[in-house]
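Presented below is the structure to which this report refers.
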Amino acid sequence: MTHNPDIYLLYEYMNKVSFTMRIKVRLDEAIDIPMLTETAREAFSRYPYYSVQIGIDEGGNYSLIPNDRPLPVLPEEGRRRVLGSGEVNKHLFYLSYRDDTIWFNCAHSVCGGFGVMFWIKTTLYLYLCRKYGDLEAPRDIKLPGTPVTEAEMYYPDAASLPADEPIYRYEGGNSNLALGRTLKFMFNPFASNNYYYEIEIPSREFMDYAVKIDGSPNTILIAMMYKAMTRFLKEKEGTFISGRLAADYRDDLGASGSYRDFVRFIHIRYEWDMKDEPISKLNQRARGAVIRQNQPELSIERFRRAVKAHNGIDEQPTLKEKKKYASVNSTYRNDPRDVYTVSYVGQMDLGGMEKHIRSMYNITDGDLMLEVNALKDRFNICFQVVDKNREPLQRFLEVLDGEKIPYKVSDIKTRYLPKIEFPAS
Numbered sequence: 469m470t471h472n473p474d475i476y477l478l479y480e481y482m483n484k485v486s487f488t489m490r491i492k493v494r495l496d497e498a499i500d501i502p503m504l505t506e507t508a509r510e511a512f513s514r515y516p517y518y519s520v521q522i523g524i525d526e527g528g529n530y531s532l533i534p535n536d537r538p539l540p541v542l543p544e545e546g547r548r549r550v551l552g553s554g555e556v557n558k559h560l561f562y563l564s565y566r567d568d569t570i571w572f573n574c575a576h577s578v579c580g581g582f583g584v585m586f587w588i589k590t591t592l593y594l595y596l597c598r599k600y601g602d603l604e605a606p607r608d609i610k611l612p613g614t615p616v617t618e619a620e621m622y623y624p625d626a627a628s629l630p631a632d633e634p635i636y637r638y639e640g641g642n643s644n645l646a647l648g649r650t651l652k653f654m655f656n657p658f659a660s661n662n663y664y665y666e667i668e669i670p671s672r673e674f675m676d677y678a679v680k681i682d683g684s685p686n687t688i689l690i691a692m693m694y695k696a697m698t699r700f701l702k703e704k705e706g707t708f709i710s711g712r713l714a715a716d717y718r719d720d721l722g723a724s725g726s727y728r729d730f731v732r733f734i735h736i737r738y739e740w741d742m743k744d745e746p747i748s749k750l751n752q753r754a755r756g757a758v759i760r761q762n763q764p765e766l767s768i769e770r771f772r773r774a775v776k777a778h779n780g781i782d783e784q785p786t787l788k789e790k791k792k793y794a795s796v797n798s799t800y801r802n803d804p805r806d807v808y809t810v811s812y813v814g815q816m817d818l819g820g821m822e823k824h825i826r827s828m829y830n831i832t833d834g835d836l837m838l839e840v841n842a843l844k845d846r847f848n849i850c851f852q853v854v855d856k857n858r859e860p861l862q863r864f865l866e867v868l869d870g871e872k873i874p875y876k877v878s879d880i881k882t883r884y885l886p887k888i889e890f891p892a893s
């Protein structure tokens, strides 16, 4: 691979998959706009690898060019803005605000979920300290003036990693039950009918429940979504329901501090004849699948496959052929198809900022997808769907009711994931 690793997801964009995200943070008071603008731009200066715009080099490859224009801080208007456009100063990042809420908007190619949280923490910390005085800093805070370290920029050399065979591979195959919904989303991710609901669950009650059935938030939510899907989807001969867990595998690559995106999926297959099993047993099945698939060898294999695809993109002679090659050889699109996804990486350290944060929701691509954030006293779950049919959500809430887990749920909301504007080739 000869080019910046952050460019390769851009080749897969093609107006079919957005690969953009928004993180919605609600604070305890109305936003001070001049203060937010000043501190957001100060925070952004700590991340030179995000202060970029898309370019095309002489070989027809995408490149990321330094961009010294101010980071946009704009009013939230309930519409899709376009990353890389003049409206956002050609940046692939911008902030928007309304009332007491800030949206952090960015391209997924440049920033994985792990890295974006560093940027968010730095921004919130500077803003809240300016507004309220000194606050206890998160242990992993990155402040302006501190150096960008080698560990932060690290990207492994695939050839230097071990090549041991994994003990177990997932061979559950594709679950095509929700294929029509998946295709509808993939071929038009920017349709107006992409929605989500905000679900808040008290941490104490949820974790007491987890301890009682020997589960984790990941495995419990996978099990609960399976139960909900058996009530939403129609059983067909020869079909099954599978879900997947997003797993950050940077530690397996020796890249623990890297901002870059290292995600693979752990697949959990359930058969129809399991639908009457209690959540406790379904949870144990999920735990078993996680144990079997949580192998460094699988992480390294996934990484090698991604690097091979990147090298293949580099070898194509034109931008058009690079895009075609990327779409056919995508590590994401070639994963087994699952009905639903749960993405949760554990409780966040927000230090003294936590008392000023009322909620934090990750808004991303995906249908029947749960993006989960854990604050100290509550879980914030973004339940994502592609249309206004409330039934999938209702079935999930019925499972929570059956397990006597308290929750609050919002009205339906529109995602407004940004598009990306590319330079003319």
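Residues 469 to 893, numbered by the working numbering, are exactly what the sequence shown covers, in order. Where a beta carbon is used, it is the ideal one built from N, C-alpha and C, also for glycine.
Strand pairing of residue i, partner residues [DSSP]
i, result
"residue 427", "Summary: the structure shown does not reach residue 427, with the chain confined to residues 469 through 893, and so no result is reported for it."
"residue 521", "533"
"residue 866", "DSSP, once it has assigned bridges, lists no residue as partnering residue 866."
"residue 571", "492, 564"
"residue 712", "735, 809"
"residue 846", "670"
"residue 551", "888"
"residue 881", "664"
"residue 876", "668"
Minimum Cβ-Cβ distance from residue i to chain B less than 8 angstroms
i, result
"residue 524", "Annotation note: the requested chain B is absent from the structure, which comprises a single protein chain."
Three-state secondary structure (DSSP) of residue i
i, result
"residue 490", "strand"
"residue 839", "strand"
"residue 685", "helix"
"residue 591", "helix"
"residue 828", "strand"
"residue 470", "coil"
"residue 764", "helix"
"residue 815", "strand"
"residue 541", "strand"
"residue 507", "helix"
"residue 778", "helix"
"residue 677", "helix"
"residue 635", "coil"
Residue i versus the options, residue with shortest Cα-Cα distance
i, options, result
"residue 751", "567, 691, 543", "691"
"residue 588", "492, 619, 536", "492"
"residue 545", "704, 569, 534, 522", "569"
"residue 537", "578, 643, 510", "510"
"residue 619", "723, 689, 646, 713", "723"
"residue 803", "507, 649, 714, 582", "714"
"residue 710", "641, 726, 725", "641"
"residue 854", "663, 636, 477, 478", "663"
"residue 504", "600, 833, 520", "600"
"residue 877", "566, 827, 685", "827"
"residue 831", "798, 685, 884", "884"
"residue 688", "746, 576, 739, 708", "746"
"residue 742", "628, 792, 708, 755", "708"
"residue 475", "560, 735, 839, 686", "560"
"residue 837", "769, 516, 694, 519", "694"
"residue 630", "763, 790, 732", "763"
"residue 755", "675, 672, 737", "737"
"residue 875", "671, 697, 696, 759", "671"
"residue 623", "758, 772, 859, 784", "772"
"residue 890", "490, 502, 523", "523"
"residue 543", "651, 562, 861, 531", "562"
Alpha-carbon spacing of residue i relative to residue j, whole angstroms
i, j, result
"residue 548", "residue 844", "32 angstroms"
"residue 578", "residue 488", "10 angstroms"
"residue 634", "residue 767", "10 angstroms"
"residue 528", "residue 788", "9 angstroms"
"residue 645", "residue 700", "11 angstroms"
"residue 725", "residue 683", "28 angstroms"
"residue 612", "residue 514", "5 angstroms"
"residue 590", "residue 571", "14 angstroms"
"residue 873", "residue 867", "9 angstroms"
"residue 564", "residue 555", "12 angstroms"
"residue 806", "residue 552", "32 angstroms"
"residue 795", "residue 776", "14 angstroms"
"residue 705", "residue 809", "23 angstroms"
"residue 567", "residue 880", "19 angstroms"
"residue 834", "residue 821", "30 angstroms"
"residue 478", "residue 680", "44 angstroms"
"residue 813", "residue 888", "27 angstroms"
"residue 761", "residue 712", "11 angstroms"
"residue 781", "residue 540", "32 angstroms"
Residue i vs residue j beta-carbon contact at 8 angstroms
i, j, result
"residue 847", "residue 669", "yes"
"residue 728", "residue 473", "yes"
"residue 829", "residue 666", "yes"
"residue 594", "residue 507", "yes"
"residue 816", "residue 841", "yes"
"residue 580", "residue 730", "yes"
"residue 606", "residue 818", "yes"
"residue 740", "residue 703", "yes"
Any non-hydrogen atom of the ligand GTP closer than 7 angstroms to residue i Cβ
i, result
"residue 539", "Of the ligands one can find in the structure shown there are none, so the ligand GTP has no counterpart to examine."
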